[in-house]
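Reviewing the structure listed below.
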Amino acid sequence: MKFVVHIGLPRAGSTTLQRQVFPYLQGVHYLGAGASNLKQLQVDSRNFQGLWRAKGEGVREVEQRWRRVINLATEVNPDIDWGLMSYEGWCRPTRMNTLEDIAERIDRVFSRPEILLVVRHPVDWVVSCYKKSLWNSIKNSDGRGGDDLRSFPAYYKSVSSDPARFFGAGGLDPMRLVRVFGADRVRVMPLEYLVATKFEALCALYPDWSLSAFRGARMNASQDDSSLFVARYWHWLPAPLRRATQSWVMGNAARIEQSVGGYLPSVRVQHKLAEQILSVFQSSLDELQSLCGVDLVQLGYTEWRGKEPR
Numbered sequence: 042m043k044f045v046v047h048i049g050l051p052r053a054g055s056t057t058l059q060r061q062v063f064p065y066l067q068g069v070h071y072l073g074a075g076a077s078n079l080k081q082l083q084v085d086s087r088n089f090q091g092l093w094r095a096k097g098e099g100v101r102e103v104e105q106r107w108r109r110v111i112n113l114a115t116e117v118n119p120d121i122d123w124g125l126m127s128y129e130g131w132c133r134p135t136r137m138n139t140l141e142d143i144a145e146r147i148d149r150v151f152s153r154p155e156i157l158l159v160v161r162h163p164v165d166w167v168v169s170c171y172k173k174s175l176w177n178s179i180k181n182s183d184g185r186g187g188d189d190l191r192s193f194p195a196y197y198k199s200v201s202s203d204p205a206r207f208f209g210a211g212g213l214d215p216m217r218l219v220r221v222f223g224a225d226r227v228r229v230m231p232l233e234y235l236v237a238t239k240f241e242a243l244c245a246l247y248p249d250w251s252l253s254a255f256r257g258a259r260m261n262a263s264q265d266d267s268s269l270f271v272a273r274y275w276h277w278l279p280a281p282l283r284r285a286t287q288s289w290v291m292g293n294a295a296r297i298e299q300s301v302g303g304y305l306p307s308v309r310v311q312h313k314l315a316e317q318i319l320s321v322f323q324s325s326l327d328e329l330q331s332l333c334g335v336d337l338v339q340l341g342y343t344e345w346r347g348k349e350p351r
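If you're matching positions, the sequence shown starts at 42 in my numbering and goes up one per residue.
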């Protein structure tokens, strides 16, 4: 079986792909996170975590479990030659296992698969990660603080000092992931192009595949701009007020977005800061473009057209 492994960067469409696209592909066994497209087979979530976190003898045990999954998929539908994996955590090494360790395990289990790396416009990507961090910090906060999320510049200052903590082993440079697996077997696909083609671009990339359905439902609606206005300013409150209002913000911010959407300001990025983010990406743009069948410059990956703060 020929395998494709989707390495999901955070906030680069992984949830949509895993829930609304991959399970509806035909011509390929989808064995990744979320529902499989094989009714007879649902992969134990411990298999994903294990391949990522296991150490010592646990590695061999996880590899054996994966072989059983692959063998079962082949028995269920022997006419299909393709397998597809997707799991976001694999781009995040642990203290015990480096990215090189994880890549080696993926190679052993899936027989040196082709790697599908979905990227996103650098500034949009970091802004989206900021939005996600806002909500995660409210859900998991004890009200005493943590990372400075009161503004986007403060957030970027944190992530640029330790990018691997926020974005995985590649940090802000996707080529870090490419180099570990080897450029000869990595395909790069911009998220914007996938969305514009309603994910049919996957089938153009792999002609044996077809997409039976795509619902186009909205994912992570609670993280829209105007509800994020509420979340962002929650971080300016004193710690006692944050603790007192935490559950209210989580329960009502999305409703506020629905009732006054369009009147509250979105996350705006200063041009100078946008240029700083783009400069990290542009240092490896030529290498990344050589692995991508879509013109990244035409998609605006070298410039920022968003709105600046008022």
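For every residue, glycine included, the Cβ atom is placed at its ideal position computed from N, Cα and C.
Let me confirm a value: residue i is counted as buried when at least 16 other C-beta atoms fall within 10 Å, else exposed. Which label applies?
| i | result |
| --- | --- |
| residue 99 | exposed |
| residue 223 | exposed |
| residue 227 | buried |
| residue 320 | exposed |
| residue 345 | buried |
| residue 283 | buried |
| residue 114 | buried |
| residue 146 | buried |
| residue 312 | exposed |
| residue 225 | exposed |
Using 8 Å as the threshold, is the C-beta distance between residue i and residue j below it?
| i | j | result |
| --- | --- | --- |
| residue 69 | residue 111 | no |
| residue 138 | residue 96 | yes |
| residue 60 | residue 88 | no |
| residue 235 | residue 158 | no |
| residue 104 | residue 52 | no |
| residue 144 | residue 229 | no |
| residue 278 | residue 194 | no |
| residue 55 | residue 216 | no |
For residue i and residue j, what's the separation of their Cα atoms in angstroms?
| i | j | result |
| --- | --- | --- |
| residue 49 | residue 128 | 6 Å |
| residue 116 | residue 152 | 18 Å |
| residue 140 | residue 168 | 25 Å |
| residue 334 | residue 248 | 14 Å |
| residue 330 | residue 161 | 13 Å |
| residue 233 | residue 340 | 8 Å |
Please look up how many angstroms separate the CB atoms of residue i and residue j, rounded, as I've assumed it's under 8 Å.
| i | j | result |
| --- | --- | --- |
| residue 84 | residue 72 | 5 Å |
| residue 90 | residue 251 | The Cβ separation is near 31 Å, so there is no contact. |
Which residues in the same chain as residue i place their Cβ atom closer than 7 Å to its Cβ, once the five residues preceding and following it in sequence are excluded?
| i | result |
| --- | --- |
| residue 74 | 59, 89, 127 and 128 |
| residue 184 | Interpretation of residue 184 is limited by its pLDDT of 47, a score under 50 that renders its predicted location unreliable; the figure taken from the coordinates is listed afterwards. Excluding sequence neighbours, residue 184 sits near 280, 283, 284 and 287. |
Could you pull out every residue in the same chain whose Cβ sits closer than 8 Å to the Cβ of residue i, ignoring the five residues on either side in sequence?
| i | result |
| --- | --- |
| residue 198 | 189 |
Identify, in the order they occur along the chain, each residue of the same chain with its Cβ nearer than 6 Å to the Cβ of residue i, setting aside the five sequence neighbours on each side.
| i | result |
| --- | --- |
| residue 44 | 124, 151 and 154 |
Taking CB distances under 8 Å as the criterion, tell me whether residue i reaches chain B.
| i | result |
| --- | --- |
| residue 322 | Protein chains in the displayed structure number just one, and chain B is not present. |
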